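S.K.:
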Amino acid sequence: MKKIFLADHAGYCFGVKRAMKLAWDELENRENKNIFALGPLIHNKQAVEKYEEKGLITINDIEDIDSKNVNPKEVIIRSHGVAKEVYDQANEKKLEIVDTTCPFVKKIHELAKESYEKGKKIILIGDKNHPEVIGINGWCDNKAIIVKELKELFDIELDYSVEYVVVSQTTMNEREFDVIIDYLKDKNINMVVNNTICSATKVRQQSAREISNKVDLMIVIGGKHSSNTQKLVSICKESVDTIAIETKADLIDFDLGKYDTIGVTAGASTPDWIIEETIEYIENGVI
Numbered sequence: 001m002k003k004i005f006l007a008d009h010a011g012y013c014f015g016v017k018r019a020m021k022l023a024w025d026e027l028e029n030r031e032n033k034n035i036f037a038l039g040p041l042i043h044n045k046q047a048v049e050k051y052e053e054k055g056l057i058t059i060n061d062i063e064d065i066d067s068k069n070v071n072p073k074e075v076i077i078r079s080h081g082v083a084k085e086v087y088d089q090a091n092e093k094k095l096e097i098v099d100t101t102c103p104f105v106k107k108i109h110e111l112a113k114e115s116y117e118k119g120k121k122i123i124l125i126g127d128k129n130h131p132e133v134i135g136i137n138g139w140c141d142n143k144a145i146i147v148k149e150l151k152e153l154f155d156i157e158l159d160y161s162v163e164y165v166v167v168s169q170t171t172m173n174e175r176e177f178d179v180i181i182d183y184l185k186d187k188n189i190n191m192v193v194n195n196t197i198c199s200a201t202k203v204r205q206q207s208a209r210e211i212s213n214k215v216d217l218m219i220v221i222g223g224k225h226s227s228n229t230q231k232l233v234s235i236c237k238e239s240v241d242t243i244a245i246e247t248k249a250d251l252i253d254f255d256l257g258k259y260d261t262i263g264v265t266a267g268a269s270t271p272d273w274i275i276e277e278t279i280e281y282i283e284n285g286v287i
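In terms of full-length UniProt numbering, the sequence shown opens at residue 1 and continues consecutively.
1. In chain order, what residues of the same chain have a beta carbon less than 8 Å from the beta carbon of V105, not counting five sequence neighbours either side?
2. Whole angstroms is fine: what's the gap from A37's alpha carbon to R18's?
3. The alpha helix (DSSP H) spanning N284 covers which residue range?
4. Might you give, ordered along the chain, the residues of its own chain that have their beta carbon closer than 8 Å to the beta carbon of V240, omitting 5 neighbours on each side?
5. Please list, in chain order, all residues of the same chain as H43 whose beta carbon is under 6 Å from its beta carbon, the five residues on each side excluded.
6. Need the endpoints of the alpha helix (DSSP H) that E49 sits in, please.
7. Indicate the three-state DSSP secondary structure (helix, strand or coil) for A208 in the structure shown.
8. In the DSSP assignment, find the unbroken beta strand (DSSP E) run with S239 in it and report its ends.
9. Spell out a yes or no on whether the stretch 20-39 and the stretch 232-249 are touching, meaning 3 or more CB-CB pairs, one atom from each, closer than 8 Å.
10. By Cβ distance below 6 Å, which residues in the same chain neighbour I123 in space, the five residues on each side in sequence not counted?
11. Alpha carbon to alpha carbon, how far is K185 from K202? Give it in angstroms, no decimals.
12. Report the three-state DSSP secondary structure of E96 (helix, strand or coil).
13. How is Y87 classed by DSSP in three states: helix, strand or coil?
14. If we count Cβ pairs, one from each stretch, closer than 8 Å, do we get three or more for the stretch 150-158 versus the stretch 93-108?
15. Only counting the same chain, and skipping five residues up and downstream in sequence, which positions put a Cβ closer than 6 Å to that of C198?
16. Going by C-alpha to C-alpha distance, which of N228, D272, D253, A208 sits closest to K237?
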């Protein structure tokens with residue numbers, strides 16, 4: 001019989017759980033409102049589909065909302081957060097705003113805004129294409145220096161006459177963050193470092209790392225576009241064979257028979273029901 005180890009910290013984090021509940025409550029009580037989500041609520045296709053079946057309308061841009069429509073309209077700001085200009089646009093359109101931005105992300109917005117207004121330069125460690133990073137940058141007039149890997153700093157000329165404030169995407173890999181900070185410290189620039197990696201991200205990564213050291217295979221469950229999920233995949237691959245899946249259906253053609261011990265972890269946007277179904281499949285091999 002296979003031994004299955006589920007990470008202590010897997011699945012919805014506090015911020016995602018909060019956002020999903022707020023959004024669901026709005027859908028439950030929407031009456032004749034049109035409720036829009038600015039971008040997918042979370043990076044999990046299966047979870048988002050359930051909300052769209054309930055009536056949620058996912059859009060990519062605030063301009064996609066027709067202001068001529070007479071029905072009351074509501075826009076949900078997802079947990080990743082958005083730039084300040086998005087709030088301004090929503091207010092101009094007289095949209096009701098349901099702000100589900102993760103409180104940890106909201107604090108980074110405030111830090112970036114206050115620091116920038118004081119004349120400091122922002123160094124933002126993260127993926128420039130990720131919605132969370134785009135949102136944070138929008139609170140410092142889109143002037144942040146954004147780097148995801150150390151090598152990206154090599155071509156950047158640092159200014160020794162200003163003070164830098166360093167913040168990070170909440171799902172950044174802790175080790176990669178530390179490498180970049182060590183490099184900046186060696187440059188002797190005037191800077192204040194804020195490790196804004198979410199505590200849930202830290203313990204999730206550590207839990208995945210611990211389990212991957214004692215199993216033959218790691219299965220990481222999460223959306224293909226989920227940043228924190230892909231970081232878990234990278235961490236697990238450092239130690240053991242690792243496969244990334246969205247649902248149990250992705251395991252159908254994979255031979256689990258040669259593995260005696262299997263570890264399972266999941267990204268912060270993965271619902272419990274997907275984790276449970278995956279474990280049941282591993283145990284029974286039934287879709």
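Here a beta-carbon is modelled for each residue, glycine too, at the ideal position from N, C-alpha and C.
All values derive from a computational prediction rather than experimental measurement.
M.R.: By the coordinates alone:
1. The residue labelled residue 105 in the question sits at position 105 within the sequence shown. Result list for V105: G15, S79, H80, G81, E132, G135, I136, T170, in chain order.
2. For this step, residue 37 is matched to residue 37 along the sequence shown. For this step, residue 18 is matched to residue 18 along the sequence shown. Approximately 15 Å, taken between the alpha carbons.
3. Stepping through the sequence shown from its first residue, residue 284 is reached at position 284. From DSSP, the alpha helix (DSSP H) with N284 extends over 272-284.
4. To locate residue 240, count along the sequence shown from 1; it is residue 240. Excluding sequence neighbours, V240 sits near S212, N213, V215, D216, L217, M218, G263.
5. The residue labelled residue 43 in the question sits at position 43 within the sequence shown. Same-chain partners within the cutoff: G223, H225, S226, S269.
6. On the sequence shown, residue 49 is found 49 positions in, with the first residue counted as 1. Element bounds for E49: 45-53.
7. Indexing the sequence shown from 1 puts residue 208 at position 208. Reduced to three states, the DSSP call for A208 is helix.
8. Numbered from 1 along the sequence shown, position 239 holds the residue referred to as residue 239. Careful: S239 lies outside any beta strand (DSSP E) and carries neither H nor E.
9. no
10. Translated into positions along the sequence shown, residue 123 becomes position 123. For I123, where only same-chain residues beyond five positions count, the Cβ hits under 6 Å are I145, Y164, V166.
11. Taking the sequence shown and counting its residues from 1, the one referred to as residue 202 is at position 202. Taking the sequence shown and counting its residues from 1, the one referred to as residue 185 is at position 185. Going by the C-alpha atoms only, they are around 22 Å apart.
12. Sequence index remark: in the sequence shown, residue 96 carries index 96 (1-based). Strand, per DSSP.
13. The sequence position of residue 87 within the sequence shown is 87, counting from 1. Of the three classes helix, strand and coil, the one that applies to Y87 here is helix, per DSSP.
14. no
15. Residue 198 sits at position 198 when you count from the first residue of the sequence shown. These residues qualify, in order along the chain: F104, T170.
16. If you number the sequence shown from 1, residue 237 lands on position 237. Here the closest residue by C-alpha is A208.
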